[in-house]
Amino acid sequence: MFEARFLQKDFLLFASLLLVVEFVRGALLVSFLPIYAEKVLHLPLWIIGLAITAHYVMDTGLKIAMGYLLDRFSMRWIAFIGMIISWIGLFQLQYADKGWMLVVSAALFGAGASPIWIIGLTKVKQNNRATQMGFLYTVWLLGMGLGPVVSNFLLDWSAVLTFWLLLSAFGIGCLLSAGLEDNGIKRQADDIYPFLNQWLRLWIRLKQIKPLIPGMILQTLGASMLVPVLPSFVEDRLGFGSSEYSYILMTGGAFAILGLVPMGKLSDTYGRKWFLVIGFIAFSISLLFITKSNSLIEGIVWAIVLGISYSAVLPAWNAILSYNIPSSQEGMGWGVFSTVEGIGVMVGPVVGGALASGINTVFPIIVSSVLFATIGLFYLLFPFHKLQGRRI
Numbered sequence: 001m002f003e004a005r006f007l008q009k010d011f012l013l014f015a016s017l018l019l020v021v022e023f024v025r026g027a028l029l030v031s032f033l034p035i036y037a038e039k040v041l042h043l044p045l046w047i048i049g050l051a052i053t054a055h056y057v058m059d060t061g062l063k064i065a066m067g068y069l070l071d072r073f074s075m076r077w078i079a080f081i082g083m084i085i086s087w088i089g090l091f092q093l094q095y096a097d098k099g100w101m102l103v104v105s106a107a108l109f110g111a112g113a114s115p116i117w118i119i120g121l122t123k124v125k126q127n128n129r130a131t132q133m134g135f136l137y138t139v140w141l142l143g144m145g146l147g148p149v150v151s152n153f154l155l156d157w158s159a160v161l162t163f164w165l166l167l168s169a170f171g172i173g174c175l176l177s178a179g180l181e182d183n184g185i186k187r188q189a190d191d192i193y194p195f196l197n198q199w200l201r202l203w204i205r206l207k208q209i210k211p212l213i214p215g216m217i218l219q220t221l222g223a224s225m226l227v228p229v230l231p232s233f234v235e236d237r238l239g240f241g242s243s244e245y246s247y248i249l250m251t252g253g254a255f256a257i258l259g260l261v262p263m264g265k266l267s268d269t270y271g272r273k274w275f276l277v278i279g280f281i282a283f284s285i286s287l288l289f290i291t292k293s294n295s296l297i298e299g300i301v302w303a304i305v306l307g308i309s310y311s312a313v314l315p316a317w318n319a320i321l322s323y324n325i326p327s328s329q330e331g332m333g334w335g336v337f338s339t340v341e342g343i344g345v346m347v348g349p350v351v352g353g354a355l356a357s358g359i360n361t362v363f364p365i366i367v368s369s370v371l372f373a374t375i376g377l378f379y380l381l382f383p384f385h386k387l388q389g390r391r392i
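In structure tokens form, the structure reads like this:
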């Protein structure tokens with residue numbers, strides 16, 4: 001059962017804000033940007049991958065700074081200013097008729113959105129962390145899933161209509177961010193550690209979990225490689241249109257959302273290791289089989305397996321990370337861990353776009369599948385019991 005704070009007005013307001021941000025981000029990065037840039041602007045896939053990477057470079061690169069600020073200053077104002085910056089980047093997309101303009105617009109959008117996820121993570125408390133993470137990821141995935149689906153359907157009618165819908169939705173998000181409460185994030189002067197001291201404390205934590213760091217990077221690398229190539233793969237290799245692609249995304253996303261909270265509760269009860277192992281290996285197998293799909297039904301079946309696998313991994317993984325963040329510096333702690341994970345997100349779209357342009361759209365998916373299988377086998381052999389005695 002969720003804590004009472006999950007039903008409080010401010011949490012529901014934040015959940016609405018997160019839903020809007022991830023709705024627009026998902027629509028932009030998974031659907032609108034790849035399709036619009038390739039079909040309308042006639043830009044190559046590597047430019048599209050570079051724009052998506054620029055978004056995640058700014059989003060990830062600023063997370064440590066945003067976490068540091070969130071430990072000290074008004075959450076409301078940091079969120080509101082960031083949302084305005086993202087809105088400006090989104091607005092500029094309509095003028096992005098050259099590759100560099102597309103990259104700059106995507107980077108601005110990422111910079112402004114940087115603090116939103118950290119704000120949510122700081123709300124997660126000690127008890128039932130995986131369950132709470134599951135709830136948070138449910139909202140996140142709902143937005144990420146609905147965005148591409150709605151965008152794909154609207155793109156069949158008009159790219160201009162799709163763009164203005166996203167811009168208007170994000171404007172609503174700006175208004176929501178202005179209503180956030182600070183939730184006691186600001187601390188008394190005696191409780192604030194100097195910046196270098198915080199780095200030293202977090203560095204000790206990173207050293208404790210350093211065997212997991214390659215997996216942190218590789219799993220986000222494998223997932224982000226797929227972002228710039230999936231629309232072209234579905235259309236060129238599987239022969240599906242935008243609407244059929246939406247059905248696949250909708251089904252996979254729905255099962256991921258439905259599985260998050262139950263998987264979080266189960267991993268809280270039985271431990272997290274096997275949820276990581278089975279989840280990553282099942283994800284790998286599903287990716288391989290989806291490249292061989294010959295019908296919409298077959299694609300949907302494997303999308304369901306992908307969604308369930310994803311729901312097994314996310315709450316368990318983030319619960320493991322959350323145990324290694326000092327309660328006195330949650331903002332900066334999540335900023336550091338999100339930055340490490342973000343290395344893969346920054347590199348992945350460029351790698352995926354380059355492999356697709358140089359070979360074909362199937363090859364990045366195969367490489368991603370191999371990465372996830374490797375991670376699953378690594379976690380199978382990894383001695384989780386040595387992580388400072390934490391219950392994994």
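Taken in order, the sequence shown gives residues 1 to 392; the numbers are from the working numbering.
Just so you know, even glycine gets a beta-carbon here, dropped at the ideal spot from N, CA and C.
Out of Gly143, Gly259, Val345, which has the shortest C-alpha to C-alpha gap to Gly26? Gly143
The stretch 219 to 232 / the stretch 49 to 63 touching (three or more Cβ pairs under 8 angstroms): yes
What do you get for Gln219, buried or exposed, if any count of 16 or more other CB atoms within 10 angstroms of its CB means buried? buried
Leaving out five residues on either side along the sequence, give the residues of the same chain with a beta carbon under 8 angstroms from the beta carbon of Ile248. Val234, Phe240, Leu296, Gly299, Ile300, Ala303
Cα-Cα separation, Leu146 to Leu165: Using only the alpha carbons, I get a separation of about 13 angstroms.
Assuming Leu70 contacts Ser86 (C-beta within less than 8 angstroms), just tell me the rounded distance between them. Wrong, their Cβ atoms sit about 17 angstroms apart, outside the cutoff.
If you drop the 5 nearest sequence neighbours on each side, which residues of the same chain put their C-beta closer than 7 angstroms to that of Ser16? Excluding sequence neighbours, Ser16 sits near Leu176.
Local Cβ density within 10 Å of Ser158, reported as buried at 16 or more and exposed below that: exposed
Do three or more CB pairs link the stretch 310 to 322 to the stretch 252 to 263 at distances below 8 angstroms? Touching, yes, given that three or more Cβ pairs across the two stretches are closer than 8 angstroms.
Counting C-beta neighbours from all protein chains within 10 Å, is the total for Thr60 16 or more, i.e. buried, or is it exposed? buried
Hey, does Asp156 have any beta-carbon neighbour from chain D nearer than 9 angstroms? Looking at the structure shown, chain D is missing, and only one protein chain is on hand.
Which first and last residues belong to the alpha helix (DSSP H) in which Phe283 is found? Start and end: 273 to 290.
Are the CB atoms of Ser74 and Gly89 nearer to each other than 9 angstroms? no
Cα-Cα separation, Gly271 to Arg72: 34 angstroms
Tell me which residues share the same chain as Thr251 and place their Cβ nearer than 8 angstroms to its Cβ, disregarding the 5 neighbours each side in the sequence. For Thr251, where only same-chain residues beyond five positions count, the Cβ hits under 8 angstroms are Ile300, Ala303, Ile304, Gly307.
Among Trp274, Ala373, Thr361, Ala354, which has the Cα closest to the Cα of Ser286? Nearest C-alpha to Ser286: Ala373.
Whole angstroms are fine: how far does the CA of Ser151 sit from the CA of Thr162? 6 angstroms
Can you list, in chain order, the residues of its chain with a C-beta nearer than 6 angstroms to that of Gly376? Leave out the 5 residues immediately preceding and following it. Val277, Phe280, Ile281
For a test of the three-state rule: what should DSSP assign to Val103, helix, strand or coil? helix
Boundaries of the alpha helix (DSSP H) in which Asp236 is found, first to last residue: For Asp236, the uninterrupted alpha helix (DSSP H) run begins and ends at 230 to 236, by DSSP.
Excluding five sequence neighbours on each side, which residues of the same chain lie with their C-beta closer than 6 angstroms to the C-beta of Leu93? Ser105
For Ala113, which option in Met66, Ser224, Pro364, Leu155 has the closest C-alpha, if you only look at C-alpha atoms? Nearest to Ala113 by C-alpha distance, out of Met66, Ser224, Pro364, Leu155, is Met66.
CB-CB length for Asp268 against Thr361, believed under 8 angstroms: 39 angstroms between Cβ atoms; not a contact.
Contact set for Ala189: own chain, Cβ-Cβ below 8 angstroms, skip 5 residues either direction: Any reading at Ala189 must be qualified, since the residue scores a pLDDT of 42, below 50, and its modelled position is unreliable; the value itself is stated next. Taken in chain order, the list of residues that qualify is empty.
Taking all protein chains shown into account, decide if Asn318 is buried (16 or more other Cβ within 10 angstroms of its Cβ) or exposed. buried
Would you report the Cα separation of Val370 and Asp182, rounded to the nearest angstrom? 43 angstroms
Please state the DSSP three-state secondary structure of Ile88. helix
Delimiting residues of the alpha helix (DSSP H) encompassing His55: 45 to 61 is the extent of the alpha helix (DSSP H) around His55.
When burial is assigned at 16 or more other CB atoms within 10 Å of the CB, is Ala356 buried or exposed? Its Cβ being crowded by 16 or more others within 10 Å, Ala356 is buried.
Using the C-alpha atoms, what's the distance from Asp156 back to Gly110? 26 angstroms
Residue of Gly173, Ile366, Glu22, Tyr379 minimising C-alpha distance to Ile320: Tyr379
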